[in-house]
Every structure is written in structure tokens, then in C-alpha cells.
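A.B. asks: Numbering of the sequence shown is given in this note's numbering, commencing with residue 5 and proceeding in unit increments.
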Amino acid sequence: MSDLSKENTAPAKKKRRKKKKPMSRGLTAFLTAFLMLFMIGVLTAGIIVLDIFTDVGLLNIGRNPDDEIAGVDYIDLNNYIANQSQTTIIYGYTADNEEVEIARLHGAENREWVDLEEVCQDLQDAVVALEDKRFPEHKGVDWIRTIGVVVKYSFSQGGSTLTQQLIKNLTGENEGTFVRKYKEIKNALALERHFDKDEILEAYLNTIYLDMGCYGIKTGAEYYFNKSVSELTLMESAILASITKAPRGFNPIVNYEDNRERATTCLYYMLEEGYITQEELDAALEEEVVFYGENRREEAVTDEDLVVETEYNSYYVDLVIEQLIDDLREQYGYSESEAFRKVYYGGLRVYAALDMSIQDEIEYVYENRITFPKEEDTEENPAIQSSMVILDYEGRIVATAGRLGKKVGDRTLNIGTSSPRQPGSCIKPLSAYAPAIELNYCTWSTYIPNYGISLKSEAKPWPTNYGGVTGSIDDLKNLPQAIAPSLNTIPARIIEMMTPTRSFSFLRDRFHLSDLVEGDADYAPLAIGAMNYGLTCLDMAAAYVTFGNGGVYYKPWCYYKVTNAAGDEVILEPNREGEQVISSGTADVMLQLLKCVITYPNGTGGAYAVQGQENWAKSGTTSDNKDKWFCGGTGYYVGCAWTGFEKVQKAINTSYYGQNPAGKVYKEVMNRIHDGLEYKGFEMGDEVVRRTYCTATGLLANADCSGATGWYKVDHLPRVCSGCSGESTPSGGNQGGQPGEDVTDPNYEIPEF
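#1: Among Tyr683, Leu483, Met674, Glu315, which one has its Cα closest to the Cα of Leu595?
#2: For Ala569, which residues of its own chain have a beta-carbon under 8 Å away from its beta-carbon, when the five flanking residues on both sides are left out?
#3: Less than 9 Å separating the beta-carbons of Ile452 and Arg497?
#4: Between Asp519 and Thr550, is the Cβ-Cβ spacing less than 9 Å?
#5: Compare the beta carbon distance of Ala613 and Asn664 with 9 Å and say whether it is the shorter of the two.
#6: According to DSSP, simplified to helix, strand and coil, what is Ala357?
#7: Please identify the residue among His142, Met688, Ala547, Asp690 whose C-alpha is closest to the C-alpha of Arg400.
#8: Taking 9 Å as the cut-off, decide whether the C-beta atoms of Gly689 and Ser623 are in contact.
#9: Using only the alpha-carbon positions, how far apart do Asp286 and Ile243 sit?
#10: To which residues of the same chain is Glu203 closer than 6 Å at the C-beta, ignoring the five residues directly before and after it?
#11: To which residues of the same chain is Arg415 closer than 7 Å at the C-beta, ignoring the five residues directly before and after it?
#12: Tell me which residues share the same chain as Gln363 and place their Cβ nearer than 7 Å to its Cβ, disregarding the 5 neighbours each side in the sequence.
#13: Skipping 5 residues on each side, what residues in its chain have a beta carbon closer than 6 Å to that of Ser241?
#14: Can you tell me whether DSSP reads Pro504 as helix, strand or coil?
#15: Use the C-beta contact count for Pro605: other C-beta atoms within 10 angstroms, 16 or more gives buried, fewer gives exposed.
#16: Give the single residue among Phe376, Ala99, Arg425, Asp262 whose Cα lies nearest to the Cα of Ala357.
#17: What runs of the beta strand (DSSP E), each 3 residues or longer, lie entirely inside the stretch 621 to 685?
#18: On a CA-only basis, which of Val652, Ser627, Glu581, Met674 is nearest Gly637? Give me that one, please.
#19: State the CB to CB distance for the pair Thr647 and Ser390, rounded to an integer number of angstroms; the pair is presumed to be in contact (CB under 8 Å).
#20: Where does Gly714 sit, in a helix, a strand or coil, going by DSSP?
#21: For the stretch 643 to 663 and the stretch 715 to 726, state whether three or more C-beta atom pairs, one from each stretch, are separated by less than 8 Å.
#22: Comparing C-alpha positions only, which one of Tyr296, Ile374, Leu511, Glu277 sits nearest to Gly538?
#23: May I have the straight-line CA-CA distance separating Thr733 from Gly456, to the nearest angstrom?
#24: If I follow the unbroken beta strand (DSSP E) through Ala242, where does it start and stop?
#25: Can you check DSSP and say which residues form a bridge with Tyr557?
#26: Would you tell me roughly how many angstroms separate the C-alpha atoms of Tyr557 and Gly582, rounded to the nearest one?
#27: With contact counted as at least three CB pairs below 8 Å, one residue from each stretch, are the stretch 380 to 388 and the stretch 337 to 346 in contact?
#28: Note down, one range per segment and in chain order, each beta strand (DSSP E) of at least 3 residues found wholly within the stretch 447 to 510.
#29: Jot down the residue ranges of each uninterrupted alpha helix (DSSP H) in the stretch 332 to 406, minimum 4 residues, whole runs only, in chain order.
#30: Between the C-alpha atoms of Tyr88 and Gln335, what's the straight-line distance to the nearest angstrom?
#31: Measure the CB-CB distance between Ala666 and Trp633 and report whether it falls below 9 Å.
#32: According to DSSP, is Val692 helix, strand or coil?
#33: Which whole-angstrom value describes the C-beta separation of Gly217 and Asn114, a residue pair presumed to lie in contact below a C-beta threshold of 8 Å?
#34: Count the other CB atoms within 10 Å of the CB of Pro439; is the residue buried (16 or more) or exposed (fewer)?
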């Protein structure tokens with residue numbers, strides 16, 4: 005190998021690097037100060053340029069505190085607060101009249117506004133110490149921190165005061181740009197000119213996000229600790245304050261260790277600022293913190309792990325929601341969506357009218373299908389369905405069940421309040437008997453042929469009675485004899501006397517049955533309940549209430565009042581004033597007639613009486629057994645139940661489900677809710693009297709008559725029977741609409757139809 009080769013393969017010598025002399029401390033300080041001054045100059049120049057070209061006028065701030073800042077979109081904090089999404093709370097009452105929360109309504113933001121004076125001082129201090137220690141002194145902007153942000157050229161995080169963070173929370177603007185930061189600064193300065201520190205801190209605490217759908221410290225304190233914000237300990241306050249920087253990252257349930265570290269830092273900041281002592285800090289670090297739902301912390305990994313098993317709102321809460329939406333639209337002119345937002349995001353306080361114990365009972369019976377077979381519900385073989393509504397005699401909706409089985413969602417269909425069904429024979433007291441007594445067409449003992457009427461559309465007398473029995477023109481029945489077994493022929497003849505138009509008008513105008521259509525002003529809908537559209541359990545129960553309260557109709561109501569979150573403004577209050585729709589005398593006679601459905605041997609309601617109470621009732625069945633109804637009541641409540649198939653027109657197998665499954669579930673629920681209640685009967689008013697009538701003529705009995713007792717309006721008594729031979733077979737002496745009798749109300753005008 006040549007020398008040249010050896011020379012080329014020799015290792016190269018490393019060059020020594022010259023050691024840099026350390027910069028003197030004085031020079032470092034000088035350069036730092038120079039850089040800061042330079043950045044201040046840049047920021048100032050930027051402000052001047054923006055002032056010139058945007059007419060913002062930021063340089064004029066402070067010259068006249070009464071002047072608005074030119075170009076600033078003034079943030080009205082009060083307006084923003086009013087429009088913040090807040091959780092609506094629905095309350096109910098126990099049997100002891102104790103107010104109990106039964107539901108919360110909110111969208112993605114679960115928020116309840118809380119006044120600053122209700123927030124414990126430790127939490128206020130923790131937030132200030134951790135997020136903005138110079139908050140009490142600055143005027144909206146911490147210029148020292150802001151310059152630091154400019155130096156780093158990072159506007160997306162850091163440097164923001166509580167006031168600036170509040171503006172981001174309110175406006176939703178969070179872009180990492182100089183222009184956005186500039187707008188934030190000018191808005192912060194403007195905000196502090198109009199609102200004091202307490203108002204700003206209160207708004208901030210109520211708008212921060214604390215993960216798990218919790219907006220604001222009130223819902224956060226309740227979610228994590230099951231406490232009010234006034235009850236939090238020092239450590240709990242630090243934990244809650246530590247979440248705001250990165251809600252999921254510092255969620256104490258998901259990321260406990262990270263939150264604990266930041267909470268500890270928060271405590272030391274509080275010590276530095278003089279908010280707490282060393283002893284208080286040490287005690288806080290030793291505190292054993294118990295999280296609400298502690299069992300979830302060990303297993304929680306994802307959002308899905310943190311979702312508690314959903315319990316859907318009850319059918320009653322659903323009913324309240326629907327009623328609130330309707331009432332807001334009616335009283336305030338809201339659109340459907342506006343009313344929905346007001347209910348779910350308006351922070352309302354709703355005081356529901358349900359009886360919680362009764363609602364529990366009806367839900368138990370219906371959810372567990374207590375009186376029904378345990379059958380699967382499939383498209384091929386649908387299970388039977390049922391619904392029920394219970395009212396008191398002042399129109400208060402006490403309880404409701406929308407369908408059988410476990411509830412599968414919120415605001416699902418409640419058949420009893422929202423799905424009209426043909427009422428069958430339950431319509432007869434409303435369409436025939438009550439108007440006939442009110443308008444003096446009939447009395448208790450009026451005899452009417454148990455035989456169908458002639459209609460052009462029918463080749464034979466219509467209608468027949470149960471089982472296709474035609475009856476006879478000579479077979480006369482009075483009202484209790486007709487209503488107890490639910491004869492079809494008698495109501496048809498009564499409606500023929502009055503005319504369908506008058507009967508229909510009575511249903512619509514007196515009993516306020518709003519689901520009627522013009523086609524219902526005919527014999528089949530009015531005499532046997534074959535409505536074109538139908539009626540709901542709620543409609544029927546509200547109408548039947550009039551028979552037990554002296555003839556007063558109340559529009560059904562499900563809440564006492566609705567207020568704003570503070571409770572100092574009533575937003576909605578239902579009209580609970582009743583309307584006298586039939587006379588007290590008519591109502592009392594009808595009540596006694598409906599008691600015959602229970603007490604007569606052939607009455608259709610005897611098997612479904614409530615134990616230990618005075619009862620009245622009316623059953624209903626539509627053609628081919630497709631719908632079964634039972635409306636009844638005691639001295640306490642009125643109940644109406646429907647049973648049938650929801651989506652198919654299918655006959656009810658009575659050998660499998662029972663003769664009247666609606667009556668069975670009515671009896672089960674009503675027996676449960678009356679358990680332990682004292683007997684309560686009905687008192688008759690002074691517009692009715694009890695008299696003995698002649699069973700042969702239906703007139704008031706004389707000494708020679710074979711008699712029975714009945715109830716009559718005092719202003720419309722039959723004449724006394726004369727020349728009666730004592731026969732027990734009716735001879736038709738008191739038939740509806742007989743010439744010479746005052747059988748019509750001269751003051752009643754037939755409404756236009």
C-alpha cells in the first residue's frame with residue numbers, strides 16, 4: 005500500500021468547538037426587557053391600525069365612562085343569561101304534600117342557574133386562584149399575561165382572564181387568531197364597564213362546562229358530589245375548579261389522578277393568594293373525597309361506561325310536557341319548536357298535579373300486566389293493549405298509564421290521552437240520557453219501546469241489542485232498565501226524539517268533545533258510539549266528571565303552575581274554573597242512573613265495583629268486540645280505561661281476556677288506590693227529589709199503583725197517575741215527548757252545524 009493510501013486512510017482530526025461564553029445576567033435582562041417593549045409596541049401599533057381602519061376606538065377607553073366603545077358589539081350580560089340553556093325541573097307532591105323532584109328536562113346542556121351568594125366562598129376563591137389570580141384588580145384584561153401570549157404567538161390558549169373566558173362561553177368564538185383575540189379584549193373591557201366583578205364571576209360559574217353534560221357549577225356539584233354548591237368542602241371546590249381547563253382530561257371520575265394533581269396545584273395557588281392557611285391546605289389534602297356514584301369511577305373508561313341506565317319519564321311527565329308545549333303556543337304565540345325549546349331549555353319550574361302514590365300504582369299494574377296475560381307483542385301476533393286515566397272531580401289529572409308493558413322511551417304514545425278510539429256504549433250517557441234529562445225529553449221513569457228505529461239505510465229496525473236481539477215494540481223500558489244492561493234501542497229512540505243534530509251539539513258544546521267530526525252527527529256514532537274518529541280516555545273521563553260534581557265541566561289539567569327558575573314569575577297557570585254545562589239536577593239524576601249499572605242484577609258493571617265505596621259506572625263495547633271500555637267512579641275519583649289492539653282491527657277474545665278486560669284493569673287499579681280510604685258517598689243536591697213512580701205508567705204513583713222509586717228534577721216531575729188499575733205491566737203512560745208535557749227547554753238554542 006502506498007504512502008498516499010495510508011495517508012488517505014488515517015482518521016481525520018476532530019475540530020475543537022469554541023465554548024460559548026455565558027451571556028451575562030445583565031445582558032439577558034436587557035434583551036428580555038427590550039423584547040417585551042418591542043412586543044408591546046407591536047401590540048400597540050396593531051391596536052392603532054385596527055382603531056384607524058375599523059373605528060373601534062379602543063384607545064378612547066376610560067376617557068368617559070358613560071361613553072360606549074365605538075365598534076364594540078355590546079354584550080348585554082342580562083340578555084345572555086336569560087337566553088342560556090337551563091334545565092327545567094318538574095316537581096310532584098307526596099301524600100304528605102312534600103315537594104319532590106320527579107323529572108329534569110334538558111338537551112345537551114344540563115344547567116341550573118345559581119346566584120353567587122349561594123356559592124361557597126372556597127369554590128369562588130379556587131376558581132379565581134387557578135384561572136385568573138388578578139381578577140379582582142384588572143379591568144377585564146390581564147395585560148401581563150396577554151403580552152406573554154403575544155410573545156408565544158399562541159392565542160388559542162392561555163392569557164385569558166375570567167372575563168375573557170366568559171365572553172368565549174357566551175359567544176362560542178374560540179378561533180386562535182389575532183383578530184379574534186383583539187375582539188375578545190375589547191369586549192372584555194366593555195363588559196367590565198357595565199357589570200361588576202360579582203356579576204361577571206356569577207355568569208362565569210354558571211356557563212363553564214364540567215363534562216358529562218354539566219353546564220355550570222350547580223349541576224356539576226350535584227353530578228360529582230350530590231351536593232349543593234353551598235355545601236362543598238375545600239377539596240371538593242378545588243376538584244370542581246380543576247375540571248374547567250380540559251373537562252374530559254380533568255374529569256375526576258374518568259381521570260382521577262390528573263384531576264387530583266391539578267386540584268393540589270389549585271390549593272397551593274389559594275395558599276399563595278392568601279385565601280387559605282397552611283393548616284387548611286393540609287387538611288384538604290388529607291380529606292377523603294367521596295364521589296357520587298363512586299362505583300362508576302373504578303370502571304369508567306369511555307363516555308359509554310359513564311351512562312347510567314336510563315329511566316324514562318313517566319307517562320304523566322310526558323303528559324305535562326305535551327300540555328306545556330300546547331299552552332305556551334296558545335298563550336304566547338310560540339311555534340312548536342319555540343315552545344319545545346322553552347320547555348327543555350328554559351329553566352322552568354313546573355309543579356305537576358299528579359298524585360305520586362296513585363301514579364306509582366297505575367304504573368305498576370300496567371307495566372307488569374297484572375290483569376292481563378303475559379304475552380309477547382310481535383307484528384304477527386300483537387299483544388292486547390290498554391290505557392287508563394284517573395281524574396278527580398275538579399278536572400285534576402291524578403294519574404295516567406299510556407300502554408301495557410315497560411315504557412321504552414320518552415314522549416311515547418299515550419293511547420289514553422292522544423289516540424282516539426271508538427267509545428261504544430260509553431257514549432250513551434253523554435249523547436242520549438244526559439241531554440234527554442237536561443232538555444226535559446225524559447224522566448227516570450219514562451217508558452220507551454225496546455225496539456229499533458226505521459232508517460232509510462237499514463232494511464230492518466236499527467239497532468239491535470247485544471247478541472243481535474231485536475226486541476219488541478210492546479216491550480217498554482224506562483231509563484234505569486235501559487242503561488243497566490246497555491240496551492242500544494233506547495238511546496237510538498231518544499236521539500230520534502231530540503234529533504242527531506241536537507245530540508251532537510250537546511256532545512260538542514256541553515261536554516267539549518273536541519275530536520268529533522261532522523260525520524258524527526248521525527245515529528250510529530251517537531247511539532252506539534261508532535264514531536268516525538273516536539274519543540280518548542281523557543275526553544271521556546272529563547265528561548263523566550260532570551255527573552259526580554253537580555254538572556260542572558273542568559278542562560283537564562296536569563300542573564298547578566309554571567314559574568321561571570327563580571320562582572318570582574308565574575309563566576303558566578291552568579284555568580281551573582269550571583263551567584256549568586248541565587244542571588245540578590240533571591247531574592244527580594244521571595249519577596243515580598249510572599249507579600244502576602253497578603246495582604241492578606243485569607247491570608254490566610257489577611263485577612267491577614270498587615270495594616268499600618259507593619260506585620257508578622258505564623261499560624262500552626264496539627262492534628265485533630274490537631274495543632272494550634269502562635268508565636266509572638267513586639266519591640274520590642273518576643277512572644276511564646280502554647282495552648283493544650293498537651294497530652290492527654282485531655276482535656278481543658273474551659274467553660281468553662275476560663268479558664271486559666277494561667273493567668278488570670279498572671277494578672284492579674281503583675281497588676289499590678282506594679285501599680285504606682274511608683267510605684265516601686255522594687250527596688244529592690236540592691234540585692232533585694226521590695219519588696215513587698207507577699211501574700205501569702211511569703207517572704208518579706198514587707195509592708193504587710204498584711210502585712218503585714226513582715230520582716227526578718224538582719222542576720220537571722211527571723204528573724200523578726190517575727185511574728191506574730194497579731197493573732205492573734207498563735202501558736206507556738209516561739213516554740218521552742208526550743203531548744201536553746213540558747218536554748223541551750224553551751231557552752235551548754240549537755247551535756249552527
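Where is the CB? At the ideal position from N, CA and C, for every residue including glycine.
As the structure is a computational prediction, the values presented were derived from the model and not from experiment.
C.D. replies: Per the coordinate set shown:
#1: As a first step, residue 595 must be located in the sequence shown, where it is residue number 591. Cα-wise, what sits closest to Leu595 is Leu483.
#2: Along the sequence shown, one-based indexing puts residue 569 at 565. Only Gln90, Glu116, Trp117, Gly351, Leu352, Arg353 meet the Cβ criterion.
#3: As a position in the sequence shown, residue 452 is number 448, starting the count at 1. As a position in the sequence shown, residue 497 is number 493, starting the count at 1. Yes, they are a contact pair.
#4: The sequence position of residue 519 within the sequence shown is 515, counting from 1. The sequence position of residue 550 within the sequence shown is 546, counting from 1. No. Outside cutoff.
#5: Numbered from 1 along the sequence shown, position 609 holds the residue referred to as residue 613. Numbered from 1 along the sequence shown, position 660 holds the residue referred to as residue 664. A distance of 9 Å or more separates the beta carbons of Ala613 and Asn664.
#6: Counting from 1 along the sequence shown, the entry for residue 357 is found at position 353. Strand at Ala357.
#7: Taking the sequence shown and counting its residues from 1, one reaches residue 400 at position 396. For the residues His142, Met688, Ala547, Asp690, the minimum Cα distance to Arg400 belongs to Ala547.
#8: Here the question's residue 689 lines up with position 685 in the sequence shown. Here the question's residue 623 lines up with position 619 in the sequence shown. No. Outside cutoff.
#9: In the sequence shown, counting from the first residue as 1, residue 286 sits at position 282. In the sequence shown, counting from the first residue as 1, residue 243 sits at position 239. Cα-Cα distance, rounded: 15 Å.
#10: In the sequence shown, residue 203 corresponds to position 199, counting from 1. Closer than 6 Å at the Cβ level, and outside the excluded window around Glu203, lies no residue.
#11: Taking the sequence shown and counting its residues from 1, the one referred to as residue 415 is at position 411. Hits under 7 Å: Asp322, Ile325.
#12: Locating residue 363 in the sequence shown gives position 359, where the first residue counts as 1. Ser318, Tyr320, Ala403, listed in sequence order.
#13: As a first step, residue 241 must be located in the sequence shown, where it is residue number 237. Excluding sequence neighbours, Ser241 sits near Asp126, Leu127, Ala130.
#14: Along the sequence shown, one-based indexing puts residue 504 at 500. If DSSP states are grouped into helix, strand and coil, Pro504 belongs with the helices.
#15: On the sequence shown, position 601 is the one that residue 605 refers to. So Pro605 counts as exposed.
#16: For the purposes of this step, residue 357 is taken as the residue at position 353 of the sequence shown. Residue Ala99 holds the alpha-carbon nearest to the alpha-carbon of Ala357 among Phe376, Ala99, Arg425, Asp262.
#17: With a minimum length of 3 residues, the continuous beta strand (DSSP E) runs that stay inside the stretch 621 to 685 are 631 to 637, 642 to 648.
#18: Position 633 of the sequence shown, counting from 1, holds the residue named residue 637. The shortest Cα separation from Gly637 among Val652, Ser627, Glu581, Met674 belongs to Met674.
#19: Along the sequence shown, one-based indexing puts residue 647 at 643. Along the sequence shown, one-based indexing puts residue 390 at 386. Indeed, because the Cβ distance is near 4 Å, the residues count as touching under 8 Å.
#20: Residue numbering aside, residue 714 sits at position 710 when the sequence shown is read from its first letter. If DSSP states are grouped into helix, strand and coil, Gly714 belongs with the strands.
#21: No, the stretch 643 to 663 does not touch the stretch 715 to 726.
#22: In the sequence shown, residue 538 corresponds to position 534, counting from 1. Nearest of Tyr296, Ile374, Leu511, Glu277 to Gly538, Cα basis: Leu511.
#23: Reading the sequence shown from its first residue, position 729 is the one you call residue 733. Reading the sequence shown from its first residue, position 452 is the one you call residue 456. Note that Thr733 scores a pLDDT of 48, beneath 50, so its modelled location is shaky and nothing firm can be said.
#24: Reading the sequence shown from its first residue, position 238 is the one you call residue 242. Run containing Ala242: none in the beta strand (DSSP E); it sits in the alpha helix (DSSP H), 238 to 246.
#25: Here residue 557 corresponds to residue number 553 of the sequence shown, with the count starting at 1. Partner(s): Glu583.
#26: Taking the first residue of the sequence shown as 1, we reach residue 557 at position 553. Taking the first residue of the sequence shown as 1, we reach residue 582 at position 578. Whole-angstrom Cα-Cα distance: 5 Å.
#27: no
#28: 452 to 455, 475 to 481
#29: Here the runs fully enclosed are 340 to 349, 360 to 371.
#30: As a working note, residue 88 is residue 84 in the sequence shown. As a working note, residue 335 is residue 331 in the sequence shown. Here residue 88 turns out to be Gln, not Tyr, going by the sequence shown. One C-alpha to the other measures close to 22 Å.
#31: For the purposes of this step, residue 666 is identified with residue 662 of the sequence shown, where counting begins at 1. For the purposes of this step, residue 633 is identified with residue 629 of the sequence shown, where counting begins at 1. Yes, these two residues count as a Cβ contact at 9 Å.
#32: Reading the sequence shown from its first residue, position 688 is the one you call residue 692. The answer is strand: DSSP assigns Val692 an E or B state.
#33: Stepping through the sequence shown from its first residue, residue 217 is reached at position 213. Stepping through the sequence shown from its first residue, residue 114 is reached at position 110. Contact flag correct, Cβ pair sits at about 5 Å.
#34: Here the question's residue 439 lines up with position 435 in the sequence shown. So Pro439 counts as buried.
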